[in-house]
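This report refers to the structure that appears directly beneath it.
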Amino acid sequence: MAYTRMTAAEAAALINNNDNIAMSGFTPAGVAKAVTRELAKKAEAEHAAGREFKVGIFTGASTGQSTDGVLANAQAIKYRAPYTTNPDFRKRVNMGEIPYNDLHLSHMAQELRYGFYGEIDWAILEVCDIEECGNEYHVYLTAAGGISPTAARLAKHVILELNSFHNPNAKFIHDVYEPLDPPYRKAIPIEKVGDRIGVPYVVIPKDKLVGVVECNIPDEARAFKDSDPVTEKIGFLTAEFLVSELAKGRIPKEFLPLQSGVGSTANAILGALGQDKQVPDFNIYTEVIQNSVIDMMLTGRVKDASACSLTVSNDCLMQVYDNMDYFKDHLTLRQSEISNSPEIIRRLGVIAINTAIECDLYGNANSTHISGVKMMNGIGGSGDFERNAYLSIFTCPSTAKGGLISSIVPFVSHQDHSEHDVNIIVTEQGVADLRGKCPEERAKLIIEQCVHPDYKQLLWDYMKIAKGGHTRHNLPAAFAMHDSLARKGDMRLTDFAEYVK
Numbered sequence: 007m008a009y010t011r012m013t014a015a016e017a018a019a020l021i022n023n024n025d026n027i028a029m030s031g032f033t034p035a036g037v038a039k040a041v042t043r044e045l046a047k048k049a050e051a052e053h054a055a056g057r058e059f060k061v062g063i064f065t066g067a068s069t070g071q072s073t074d075g076v077l078a079n080a081q082a083i084k085y086r087a088p089y090t091t092n093p094d095f096r097k098r099v100n101m102g103e104i105p106y107n108d109l110h111l112s113h114m115a116q117e118l119r120y121g122f123y124g125e126i127d128w129a130i131l132e133v134c135d136i137e138e139c140g141n142e143y144h145v146y147l148t149a150a151g152g153i154s155p156t157a158a159r160l161a162k163h164v165i166l167e168l169n170s171f172h173n174p175n176a177k178f179i180h181d182v183y184e185p186l187d188p189p190y191r192k193a194i195p196i197e198k199v200g201d202r203i204g205v206p207y208v209v210i211p212k213d214k215l216v217g218v219v220e221c222n223i224p225d226e227a228r229a230f231k232d233s234d235p236v237t238e239k240i241g242f243l244t245a246e247f248l249v250s251e252l253a254k255g256r257i258p259k260e261f262l263p264l265q266s267g268v269g270s271t272a273n274a275i276l277g278a279l280g281q282d283k284q285v286p287d288f289n290i291y292t293e294v295i296q297n298s299v300i301d302m303m304l305t306g307r308v309k310d311a312s313a314c315s316l317t318v319s320n321d322c323l324m325q326v327y328d329n330m331d332y333f334k335d336h337l338t339l340r341q342s343e344i345s346n347s348p349e350i351i352r353r354l355g356v357i358a359i360n361t362a363i364e365c366d367l368y369g370n371a372n373s374t375h376i377s378g379v380k381m382m383n384g385i386g387g388s389g390d391f392e393r394n395a396y397l398s399i400f401t402c403p404s405t406a407k408g409g410l411i412s413s414i415v416p417f418v419s420h421q422d423h424s425e426h427d428v429n430i431i432v433t434e435q436g437v438a439d440l441r442g443k444c445p446e447e448r449a450k451l452i453i454e455q456c457v458h459p460d461y462k463q464l465l466w467d468y469m470k471i472a473k474g475g476h477t478r479h480n481l482p483a484a485f486a487m488h489d490s491l492a493r494k495g496d497m498r499l500t501d502f503a504e505y506v507k
């Protein structure tokens with residue numbers, strides 16, 4: 007094939023200070039890794055020589071250490087969107103070193119196309135296969151859809167990482183579709199979880215492809231914490247609630263597609279649902295697929311799954327590749343603006359289950375900022391799903407840091423999801439069904455059902471001093487629990503009398 011082969015260092019040498027780079031991947035799955043490592047080395051060398059070197063980074067979601075981590079540590083990022091989970095990156099964001107735009111993931115590709123972020127100089131895509139077709143190449147993505155077709159179309163130049171760690175059979179699970187922009191956009195014709203509406207490849211014009219970097223680098227899959235009694239109880243209560251809704255006829259007897267975040271709580275919920283025979287075999291329409299979903303697909307408990315990425319262990323990924331005869335008919339990877347499309351989420355009636363850092367007495371949720379100021383990861387796709395879901399569920403342990411923090415507070419210190427987007431809150435203490443409730447009813451129900459016993463009286467005390475109106479609050483005392491944590495190290499030491507004159 008006629009394309010130019012080059013080393014990762016040669017590719018990185020082509021990228022200039024202040025360039026904007028759009029990349030493949032969604033979570034550490036499918037992310038470019040070889041060129042970015044060399045780009046970090048270049049940045050360090052430029053800085054040592056007294057020269058500025060920073061680039062803008064746009065991706066589908068988070069990446070891994072070989073992108074966000076090394077570039078953050080090399081002080082090579084001038085701007086970053088839309089999401090991250092990397093601890094090195096997080097540290098530097100909270101130090102004020104990196105401008106970070108925490109964005110709904112479904113917005114990223116279209117906002118790049120709208121020109122909101124300026125020109126894209128480079129696209130760096132990880133692929134498992136390349137085909138030559140006339141004046142263009144058809145390239146096949148690996149373990150994620152991300153924003154790749156938009157990145158390739160907008161970029162002035164394209165670099166491909168042909169990663170032999172991934173089996174070329176990965177091409178059989180991709181559905182690449184890029185919607186038109188307003189005012190020409192049409193309905194996205196997905197009516198069932200398994201529908202495919204595009205092609206399995208991304209198109210690269212020959213005159214854009216600068217070079218191909220051949221590599222063999224595993225995905226940098228993150229290890230999730232094992233479940234514990236708290237997450238298992240949250241999983242059980244969430245599953246019990248959904249079974250109850252099914253029995254009452256408020257969920258159709260066929261059940262509805264599930265979206266669940268990542269981590270031990272999500273695994274506990276899926277595990278509990280999978281074990282309950284009152285729940286029929288079901289489908290998944292989500293953004294990230296974990297090991298537990300693959301396991302349930304192989305047993306037939308999950309019939310079809312659609313996502314943006316396979317965020318699984320590398321052993322599990324090999325299992326998918328080895329069973330491609332099955333998965334090519336039951337597993338679909340899409341672009342983030344399709345996997346997270348509000349239009350499709352609402353049409354399919356997705357049940358959305360995500361984790362909050364804290365919720366308040368009226369049902370608002372904070373899923374991004376610790377004590378209102380320190381970024382944890384970002385909103386990710388939780389807003390895409392929760393606002394448009396058939397049922398919007400947020401879960402969190404009732405306390406954190408050994409009881410020093412209550413996850414239920416009078417007023418969230420940062421609001422990502424308003425009371426209008428939250429139907430159900432679940433902690434290990436119980437389930438609060440907020441549907442159809444006025445603010446005062448919601449507050450009473452959340453205290454009764456979700457608050458840890460150590461904090462119940464404290465929150466009842468807050469309600470006593472909360473002033474009238476439709477939504478009762480005492481503004482001087484609304485953040486007293488957060489203030490007590492900052493000053494005294496323990497929310498249980500809150501004394502509202504200090505704040506009420």
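Numbering-wise, our numbering puts 292 at position 286 of the sequence shown, and it's gapless, one number per residue. Cβ coordinates follow ideal geometry from the N, Cα and C atoms, glycine included. The model shown is predicted, which means the values in this text are computed figures rather than measured ones.
- For Cys-456, the enclosing alpha helix (DSSP H) has its first and last residue at 445-456.
- By the CB criterion at 9 Å, Arg-307 and Asp-287 fall inside the cutoff.
- Of the candidates His-53, Ile-153, Glu-16 and Ala-28, the residue whose Cα lies closest to the Cα of Gly-62 is Ala-28.
- Going by C-alpha positions, Asp-234 is about 16 Å away from Ser-298.
- Counting C-beta pairs closer than 8 Å gives fewer than three between the stretch 251-258 and the stretch 215-230, which falls short of the contact rule.
- Contact fails between the stretch 34-42 and the stretch 233-249, because fewer than three Cβ pairs, one in each stretch, are under 8 Å apart.
- Its chain contains Ala-14, Ser-72 and Val-76 as the residues whose beta carbon lies nearer than 8 Å to that of Arg-43, once the 5 sequence neighbours on both sides are disregarded; these appear in chain order.
- 9 Å or more divides the Cβ of Ser-68 from the Cβ of Asn-320.
- Straight-line spacing of the CA atoms in Leu-264 and Cys-314 works out to 14 Å.
- DSSP, reduced to helix, strand and coil, places Ile-351 within a helical segment of the structure shown.
- Asn-26 and Leu-262 have their C-alpha atoms roughly 40 Å apart.
- Per DSSP, the unbroken alpha helix (DSSP H) holding Met-303 starts and ends at 297-304.
- Here DSSP, grouped into helix, strand and coil, assigns Val-379 to coil.
- Separation of the CB atoms of Leu-339 and Ile-203 is rounded to 13 Å, and the pair is thereby denied contact status at 8 Å.
- DSSP, read as helix, strand or coil, puts Cys-322 in helix.
- Put simply, the backbone Cα of Pro-188 is about 24 Å away from that of Ala-129.
- Distances from the alpha-carbon of Val-379 to those of Phe-485, Ser-30, Phe-59 and Ile-210 put Phe-485 closest.
- Taking C-beta atoms as the reference points, Tyr-89 and Thr-65 count as a pair closer than 9 Å.
- A distance of 9 Å or more separates the beta carbons of Tyr-106 and Ala-82.
- Distance from the Cα of Thr-477 is smallest, within the candidate group Leu-464, Lys-443, Gly-280 and Met-497, for Lys-443.
- Shown here, Asp-439 sits in a strand according to DSSP, grouped into three states.
- For Asp-501, there is no enclosing beta strand (DSSP E), since its DSSP letter is neither H nor E.
- In this structure Thr-305 is exposed. Its beta-carbon is surrounded by fewer than 16 other beta-carbon atoms within 10 angstroms.
- Counted as a single uninterrupted DSSP element, the beta strand (DSSP E) harbouring Lys-309 occupies residues 308-313.
- Across the set Val-209, Thr-156, Val-199 and Met-101, the C-alpha of Val-209 shows the shortest separation from the C-alpha of Cys-139.
- Check the Cα spacing between Glu-117 and each of Arg-96, Thr-148, Ile-153 and Tyr-146: the tightest is with Ile-153.
- Only buried fits Tyr-468, as 16 or more other CB atoms lie within 10 angstroms of its CB.
- DSSP places His-163 in the strand class (E or B) of the three-state scheme.
- Non-local C-beta neighbours of Asn-372 in its own chain, meaning closer than 7 Å and more than five positions away in sequence, comprise Ala-362, Ile-363, Glu-364, Val-418, Ser-419, His-420, Gln-421 and Asp-422, ordered along the chain.
- Counting only runs of at least 4 residues, the stretch 26-84 fully encloses the following alpha helix (DSSP H) elements, listed from N- to C-terminal order: 40-54 and 76-79.
- A residue is called buried when at least 16 other Cβ atoms come within 10 angstroms of its Cβ; His-488 meets this threshold and is buried.
- In this model, Asn-79 and Lys-48 are separated by some 12 Å (Cα to Cα).
- Rounded to whole angstroms, the Cβ separation of Ser-404 and Val-318 is 30 Å, and the two are not in contact under 8 Å.
- Within the same chain, Cβ atoms closer than 7 Å to the Cβ of Ile-196 are found at Ile-203 and Ile-350, the five residues on either side in sequence being excluded.
- In the DSSP annotation of this structure, Thr-237 is not part of any beta strand (DSSP E); the continuous alpha helix (DSSP H) holding it starts and ends at 235-253.
- Distance from the Cα of Gln-435 is smallest, within the candidate group Ile-453, Asp-427, Glu-446 and Asn-429, for Ile-453.
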